[in-house]
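Everything below concerns the one structure shown next.
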Amino acid sequence: MIKKTFKLFSTLQQGQTETYDIIISGCGPVGLSFACALSNSMYFKNQKAKILMLDSQKLEENLTDIPHQRVYSINYSSQNFLQSIGAWDHLDKKRLGHTKQMQVWEEKGQSYIKFKHQGSPNDDDNKLGTLIENNNIILSLLKRIRELNTIEFSIPDQIECLEDDENSNLQIVKLKSGRKMFSKLVVGSDGRNSVVKEQKKIGTYGWMYNQMGIVCTIKTSKSEKNTAYQRYFINGSSLAILPLWDGYSSIVYSVPLYQYEELIKQSDNDFLNTLNFALSKQSNLQTPTFNFNDQSFVPPPFVTQIINKRLAFPLAQLQSGRYIARNIALIGDAAHSIHPHGGQGLNNGFNDAISLSNCVIRNFRAGHFIGDLMSLQEYESEAKVFNYFNGISMEVLKKLYEVDVAGFAMVRNFGANLLNNCNFIKNNIQKIAGQNPFAPQKYEWID
1 MIKKTFKLFS TLQQGQTETY DIIISGCGPV GLSFACALSN SMYFKNQKAK
51 ILMLDSQKLE ENLTDIPHQR VYSINYSSQN FLQSIGAWDH LDKKRLGHTK
101 QMQVWEEKGQ SYIKFKHQGS PNDDDNKLGT LIENNNIILS LLKRIRELNT
151 IEFSIPDQIE CLEDDENSNL QIVKLKSGRK MFSKLVVGSD GRNSVVKEQK
201 KIGTYGWMYN QMGIVCTIKT SKSEKNTAYQ RYFINGSSLA ILPLWDGYSS
251 IVYSVPLYQY EELIKQSDND FLNTLNFALS KQSNLQTPTF NFNDQSFVPP
301 PFVTQIINKR LAFPLAQLQS GRYIARNIAL IGDAAHSIHP HGGQGLNNGF
351 NDAISLSNCV IRNFRAGHFI GDLMSLQEYE SEAKVFNYFN GISMEVLKKL
401 YEVDVAGFAM VRNFGANLLN NCNFIKNNIQ KIAGQNPFAP QKYEWID
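Using UniProt numbering, the letters of the sequence shown map in sequence onto residues 1 to 447.
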């Protein structure tokens, strides 16, 4: 079905010079969701505007029998977004994991924090998050785009050169395939090493953590569903177990480079033992605990099987100096990266897609040129507020658990105990994480 979609939409011929309203570089979840949001607007539904999508690699077209290693945690705001563009209904619902409880604890001390969804056991609206495989999201977005029938694809292909056109206010786009075209707006959703960002010489600031995030699919000893576990370690690493479907779970093990080089070479059995040791290792620092709300510590499950190959990615805290330039906008990882321990990476990217879609549709409706810097400033201002807030929050959380001083560890454990017994504060933390307070309240594509 998807292959037919590409044949239907890939209409460009070598040697032609066409003009597009928007060219999107990168067909990941963020780029596809942005295109899908625009396609839901009356201006794009009626093909009054033209959108072209590019990607250097063929898209994953099938769901495997076992869960993919790349899994995202989607909060309630992101779920609302996917529902609004018509993609949520195309997800394979049997392959979703629902987090309704989460237990967080550390290596040094006995404190822990338990988050629990508010509502009835069958109430999914208040869950802490939904776990979705990368290819499940991509397929759902592609199916919806095919329904709307407004997008052209050129895959595999990518931008080779971007130039300002001296004779117009358009961007000249040259592709590696030899095609040349003009565009009012070029959107970079092509990841941390964005070609769009590189071509426009947009700087990036921040730092690499000298850590790698190891991901894979596992099976555990517990059949209990809907509970996520996360443990922090003094060397800066963290290990998360996230519930998927049919008894599967996903791990995200963030470790220093020296540890990664050892772990990635281990046999599956040795890696399984490493995970179980990290989860069950007892603290040598005794700290007092108190529990006033009947939320006792639950020992984490044992990992019983490594299901698929381990993948890894470098961890960083990065921000693009600018999210916009003349005829240019950056979204998702092309604009920013944060540590994955908060599970907010794709949620941040979806927030970019919402903000930029709203901005483009408003300008299109008002008759403004969509590639003008003034027209794009609304997007940059809105997106940066949320991404800076999230970046700072994740950095503070990471630093808090890295301090290896006995006195500070005692204070940290006391604070965690206090928080665990204050449902009012915990509920508000859950609300902020689940229902993004900075997210636009209106979707401009819903007429």
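Positions of the beta carbon are idealized from the N, C-alpha and C atoms, including for glycine. Note that this is a predicted model, so its numbers are computed, not measured.
Short check: CB of residue i to CB of residue j, under 8 Å?
| i | j | result |
| --- | --- | --- |
| Ala-329 | Gly-206 | no |
| Tyr-229 | Ile-132 | no |
| Asn-363 | Ser-183 | no |
| Pro-301 | Ile-137 | no |
| Thr-220 | Val-298 | no |
| Thr-217 | Tyr-253 | no |
| Leu-397 | His-341 | yes |
| Asn-423 | Thr-289 | no |
| Leu-162 | Lys-200 | yes |
| Leu-59 | Lys-100 | no |
| Gly-86 | Arg-144 | yes |
| Asp-190 | Ala-334 | yes |
| Ile-361 | Glu-444 | yes |
| Val-195 | Val-186 | no |
| Leu-63 | Leu-142 | no |
| Ile-432 | Met-394 | no |
| Ser-283 | Lys-399 | no |
| Leu-275 | Ile-251 | yes |
| Gln-430 | Asn-390 | no |
| Trp-88 | Leu-96 | no |
| Gln-57 | Pro-156 | yes |
| Leu-346 | Ile-172 | no |
In its own chain, which residues sit with a C-beta less than 6 Å from the C-beta of residue i, not counting the 5 before and 5 after it?
| i | result |
| --- | --- |
| Glu-402 | Gly-236 |
| Arg-70 | Asn-134 |
| Thr-204 | Leu-318 and Ser-320 |
| Gln-110 | Thr-287 and Thr-289 |
| Gly-349 | Val-30 and Gly-332 |
| Pro-67 | Glu-133, Thr-217, Leu-244 and Tyr-248 |
| Asn-387 | His-336 and Asn-348 |
| Leu-279 | Pro-300 |
| Asn-413 | Gly-109, Ser-111 and Thr-287 |
Evaluate residue i with the Cβ neighbour count: other Cβ atoms within 10 Å of its Cβ, from every protein chain shown; 16 or more gives buried, anything less gives exposed.
| i | result |
| --- | --- |
| Gly-407 | exposed |
| residue 455 | Residue 455 cannot be examined here, being either before or after the span of the chain that is shown, 1 to 447. |
| Thr-19 | exposed |
| Ser-381 | exposed |
| Thr-150 | buried |
| Asp-165 | exposed |
| Glu-106 | buried |
| Arg-179 | buried |
| Asn-210 | exposed |
| Asp-404 | exposed |
| Ser-33 | buried |
| Tyr-76 | buried |
| Ser-238 | buried |
| Ser-78 | buried |
| Tyr-112 | buried |
| Ile-202 | buried |
| Leu-257 | exposed |
| Ala-366 | exposed |
| Ile-392 | exposed |
Ignore the nearest five residues each way along the sequence and tell me which others in residue i's own chain have a CB closer than 7 Å to its CB.
| i | result |
| --- | --- |
| Pro-314 | Met-208 and Met-212 |
| Lys-426 | Phe-115 and Leu-419 |
| Glu-160 | Lys-174, Leu-175 and Lys-176 |
| Ile-446 | Ser-84 |
| Gly-415 | none |
| Leu-263 | Ile-214, Val-255, Phe-271 and Thr-274 |
According to DSSP, residue i sits in a beta bridge with which residue or residues?
| i | result |
| --- | --- |
| Val-104 | Ile-113 and Gln-230 |
| Tyr-205 | Gln-319 |
| Ala-325 | Ile-328 |
| Gly-345 | According to DSSP, Gly-345 bridges with nothing at all. |
| Pro-256 | Gln-211 |
| Met-53 | Ile-24 and Phe-153 |
| Lys-174 | Cys-161 and Lys-180 |
| Ala-312 | Ile-214 |
| Gln-305 | Lys-219 |
| Ala-240 | Gln-230 and Val-252 |
| Ile-264 | BP columns for Ile-264 are empty, so no partner. |
| Thr-17 | Lys-180 |
| Ile-132 | Tyr-72 |
| Val-187 | Ile-24 and Ala-329 |
Can you list, in chain order, the residues of its chain with a C-beta nearer than 8 Å to that of residue i? Leave out the 5 residues immediately preceding and following it.
| i | result |
| --- | --- |
| Ile-324 | Leu-330, Leu-373, Leu-376, Gln-377, Tyr-379 and Glu-380 |
| Gly-227 | The question names Gly, yet the displayed sequence has Thr at residue 227. Only Thr-99, Lys-100, Gln-101, Met-102, Gln-103, Pro-243 and Val-298 meet the Cβ criterion. |
| Thr-17 | Lys-180, Met-181 and Phe-182 |
Any heavy atom of the ligand ADP closer than 7 Å to the CB of residue i?
| i | result |
| --- | --- |
| Glu-378 | This structure simply doesn't include the ligand ADP, nor any ligand for that matter. |
Give a yes or no on whether the minimum CB-CB distance between residue i and chain B is below 8 Å.
| i | result |
| --- | --- |
| Gln-344 | In summary, chain B is missing from the structure at hand, where a single protein chain is found. |
Self-check item: Cβ pair count under 8 Å reaching 3, the stretch 37 to 47 against the stretch 357 to 373
Solution: yes
Practice problem: Check whether the stretch 21 to 38 touches the stretch 46 to 64, counting contact only when three or more Cβ pairs, one atom from each stretch, lie closer than 8 Å. | Solution: yes
Quiz item: Quick one: any contact between the stretch 436 to 443 and the stretch 250 to 270, if contact means 3 or more CB pairs under 8 Å?
Solution: no
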